[in-house]
Amino acid sequence: MSISLSSLILLPIWISMAQIQQGGPDENEKTTALKDLLSRIDLDELMKKDEPPLDFPDTLEGFEYAFNEKGQLRHIKTGEPFVFNYREDLHRWNQKRYEALGEVDATESEPKSFIFMSEDALTNPQKLMVLIHGSGVVRAGQWARRLIINEDLDSGTQIPFIKRAVDEGYGVIVLNPNENYIEVEKPKMHVQSSSSDSSDEPAEKRERKDKVSKETKKRRDFYEKYRNPQREKEMIQLYIRENGSPEEHAVYVWDHFIAQSAAENVFFVAHSYGGLAFVELMIQREADVKSKVTAVALTDSVHNVWHQEAGKTIREWMRENCCNWVSSSEPLDTSVESMLPDCPRVSAGTDRHELTSWKSFPSIFKFFTEASEAKTSSLKPTLTRRSHRIKHEEL
1 MSISLSSLIL LPIWISMAQI QQGGPDENEK TTALKDLLSR IDLDELMKKD
51 EPPLDFPDTL EGFEYAFNEK GQLRHIKTGE PFVFNYREDL HRWNQKRYEA
101 LGEVDATESE PKSFIFMSED ALTNPQKLMV LIHGSGVVRA GQWARRLIIN
151 EDLDSGTQIP FIKRAVDEGY GVIVLNPNEN YIEVEKPKMH VQSSSSDSSD
201 EPAEKRERKD KVSKETKKRR DFYEKYRNPQ REKEMIQLYI RENGSPEEHA
251 VYVWDHFIAQ SAAENVFFVA HSYGGLAFVE LMIQREADVK SKVTAVALTD
301 SVHNVWHQEA GKTIREWMRE NCCNWVSSSE PLDTSVESML PDCPRVSAGT
351 DRHELTSWKS FPSIFKFFTE ASEAKTSSLK PTLTRRSHRI KHEEL
């Protein structure tokens with residue numbers, strides 16, 4: 001068992017002090033000298049002398065770790081989770097090893113995702129707009145694939161939002177919350193043949209059995225392709241580190257990009273499941289979101305503050321700074337009753353879920369402008385928004 005050098009040095013010193021103290025008042029000067037010596041001992045330096053060099057790998061493979069198909073960090077050989085106390089009684093060295101592992105970036109072979117950003121997304125000092133689509137087959141920059149195919153790009157993509165945002169001086173970040181994993185072909189299991197050179201079977205009989213086995217496999221493969229022509233190969237999913245779900249993706253982009261941006265005012269547009277991802281972001285980063293986000297426009301959001309266990313302070317903030325344009329046959333911006341105690345709900349001017357973002361497009365930008373002006377003049381955005389809806393209803 002290893003013993004730290006600090007223990008070996010300090011132990012005799014404390015024994016000497018005990019002996020000196022027993023000697024009476026004449027030994028005060030020696031006691032004072034020893035106390036002065038102790039005060040000048042640098043324990044960190046003593047620990048450094050007893051620890052290995054702080055020379056760590058710069059890849060996961062070097063640490064002998066990798067992410068499995070579930071996105072979990074596991075040891076390559078043992079399959080065990082990360083072990084902090086790799087060396088007993090060397091806490092400082094273990095901590096440095098832990099920090100070095102945390103600095104390792106994605107490897108060439110590790111699954112990766114992406115987002116889109118305008119050139120000034122991180123440097124624009126005034127305004128930043130963040131766009132989050134819903135769940136399903138849609139990808140970054142899309143609202144609804146059905147609209148893209150059957151109607152047009154304006155209604156089905158985020159292009160109009162991006163163009164107008166840039167024209168009005170916003171930086172833009174487009175999230176990619178549905179790209180959570182990649183699919184790779186499942187490695188084939190190599191089954192050892194039951195026949196071998198050491199078998200007592202005659203060679204002719206072994207060859208006949210191997211031929212029958214190959215024919216059986218060929219017929220089985222043909223049947224599988226006939227039954228499921230889309231499934232040519234058996235695939236497995238490799239999840240992207242820290243982006244294994246829309247919620248994880250939103251938090252990751254917030255921590256590494258949005259929170260680092262220079263913008264004084266951040267605005268979110270989140271459709272359907274994107275609204276749920278935003279609420280989850282608020283739950284995990286409440287103080288940061290409140291300090292940086294000016295307003296949030298949700299379009300037919302499927303969030304639920306009860307199921308997601310959003311606290312009272314989050315619900316109160318959402319009532320003052322969010323608005324949810326929901327599918328409704330009522331005219332655009334008409335107030336719609338809500339069963340949840342969070343952000344106000346108004347009509348998107350359409351009863352089609354996938355069209356809510358496009359139909360509420362002009363109202364969302366007006367909402368953001370009013371929120372900015374209200375913040376500048378120290379007024380609450382909800383007061384401006386309510387007065388707008390009252391005038392609309394009177395008309």
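Counting from 1, one number per residue, gives the positions in the sequence shown under full-length UniProt numbering.
Heads up, the beta-carbon is just placed ideally off N, CA and C, and yes, glycines get one too.
Would you mind giving the Cβ-Cβ distance between residue i and residue j, rounded to the nearest angstrom? I have them listed as a contact below 8 Å.
i    : j    : result
Y273 : G134 : 5 Å
S357 : E330 : About 17 Å separates the two Cβ atoms, so there is no contact after all.
A262 : N124 : 6 Å
S360 : L332 : 7 Å
N74  : P81  : Here the sequence assigns Arg to residue 74, which means Asn is not the residue at that position. Between P81 and R74 the Cβ distance is about 6 Å, and since that is below 8 Å, they are a contact.
H271 : I132 : 7 Å
How would you label residue i, buried or exposed, when you count the other beta carbons within 10 angstroms and need 16 or more for buried?
i    : result
E234 : exposed
Q126 : exposed
P246 : buried
Y239 : buried
S363 : buried
W254 : buried
E207 : exposed
G62  : exposed
M87  : A quick correction: the sequence has Arg, not Met, at residue 87. Classification of R87: exposed, given that the 10 Å Cβ count is below 16.
F84  : exposed
N68  : exposed
F114 : exposed
Y170 : buried
V172 : buried
P111 : buried
T376 : exposed
T32  : exposed
D197 : At D197 the pLDDT is 48, less than 50, meaning the model places this residue with poor confidence; the figure from the coordinates comes in the next sentence. Counting Cβ neighbours within 10 Å, D197 comes out exposed, since fewer than 16 surround it.
A18  : Low local confidence applies: a pLDDT of 36 at A18 is under 50, so the model's placement there is unreliable, and no value is given.
N265 : buried
I15  : Summary for I15: the model assigns pLDDT 29, below 50, so the residue's position carries little reliability; its value from the coordinates is reported in the next sentence. Counting Cβ neighbours within 10 Å, I15 comes out exposed, since fewer than 16 surround it.
T299 : buried
L128 : buried
Q158 : buried
A203 : exposed
G349 : buried
V153 : According to the sequence shown, residue 153 is Leu rather than Val. By the 10 Å Cβ count, L153 comes out exposed.
With a Cβ-Cβ cutoff of 8 Å, do residue i and residue j count as a contact?
i           : j    : result
R345        : N324 : yes
H256        : N176 : no
V326        : F161 : no
residue 396 : A371 : No information on residue 396 is available, as it lies outside the stretch 1 to 395 that the chain covers here.
I236        : V184 : yes
S328        : D342 : no
L340        : V305 : yes
V130        : I258 : yes
L355        : S213 : no
F365        : R164 : yes
>> Across the segment 178-187 and the segment 138-151, are there enough close Cβ pairs to call them in contact, namely three or more that are closer than 8 Å?
In response: yes
>> Quick check on the DSSP output: what are the complete beta strand (DSSP E) runs of length 3 or more inside the segment 219-295, in order along the chain?
In response: 235-239, 265-271
>> So, does the segment 53-60 touch the segment 91-105, judging by three or more C-beta pairs under 8 Å?
In response: yes
> Okay, do the segment 116-125 and the segment 309-318 touch, 3+ Cβ pairs below 8 Å being the bar?
Replying inline: no
> Are three or more beta carbon pairs between the segment 278-286 and the segment 141-150 nearer than 8 Å?
Replying inline: no
> What are the start and end residues of each continuous beta strand (DSSP E) run of 3 or more residues lying completely inside the segment 104-143, in chain order?
Replying inline: 127-132
> Can you list the alpha helix (DSSP H) stretches of 4 or more residues lying completely in the UniProt domain "Arb2" (56-101), in chain order?
Replying inline: 60-63
> Which runs of the alpha helix (DSSP H) spanning at least 4 residues fall entirely within the segment 290-324, listed in chain order?
Replying inline: 312-321
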